[in-house]
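When the count follows numbering that gives the first Met the number 0, it moves up by one through the sequence shown with no breaks and lands on 91 for the last residue.
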Amino acid sequence: MLAFCGRTHNPRIAASVAQTMRDLSASGRLRLVMPARDTKNAADFVLSFWAGWLHAKVPPDTSFVLISTDIHLERTVADVLRGEGRSVLDEF
0 MLAFCGRTHN PRIAASVAQT MRDLSASGRL RLVMPARDTK NAADFVLSFW AGWLHAKVPP
60 DTSFVLISTD IHLERTVADV LRGEGRSVLD EF
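Following this line, the structure appears as structure tokens:
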């Protein structure tokens, strides 16, 4: 499982969720991918890059699951993946 976040605390994510993410990461079940620098939309670009990279590398029947606090980003990435024939589960 991949998760994308900024380098500093995101106030839209509850502290308990952040702790769960750290625990999953420490156990090797979650890979946190962060931009080298926190700039406007940096985590969004990292997520978009990885979605495209995975689309190119994983088998065509692989489903994507998107969960984001940014509904516009989530919809955009989901729409692009669906447009390429991918199955996408998302929250909207």
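Note that the Cβ used here is the ideal one computed from N, Cα and C, for glycine as well. Fair warning: this is a prediction, and the values are worked out from it, not measured in the lab.
Query, Result
"So what's Arg111 in DSSP terms, helix, strand or just coil?", "What the structure shows of the chain is the stretch from 0 to 91, and residue 111 is not part of that stretch, so it cannot be assessed."
"Please confirm if the region 16-30 is in contact with the region 38-56, defined as three or more CB-CB distances below 8 Å between the two stretches.", "no"
"Using DSSP with H/G/I as helix, E/B as strand and the rest coil, what is Leu53?", "helix"
"Quick check on the DSSP output: what are the complete beta strand (DSSP E) runs of length 3 or more inside the region 13-41, in order along the chain?", "30-32"
"By Cβ distance below 6 Å, which residues in the same chain neighbour Val87 in space, the five residues on each side in sequence not counted?", "Phe63, Ala77, Leu80, Arg81"
"Give the C-beta separation of Arg74 and His54 to the nearest angstrom, bearing in mind that I take them to be a contact with Cβ-Cβ under 8 Å.", "Arg74 to His54, Cβ: 17 Å. No contact."
"Among Val32, Glu83, Ile66, Ala17, which residue has its Cα nearest to the Cα of Pro59?", "Glu83"
"Please determine, among Val32, Leu46, Ala14, Arg21, the residue with the shortest C-alpha to C-alpha distance to His71.", "Leu46"
"For Ala50, count neighbouring Cβ atoms within 10 angstroms of its own Cβ and tell me buried if that reaches 16, exposed if not.", "buried"
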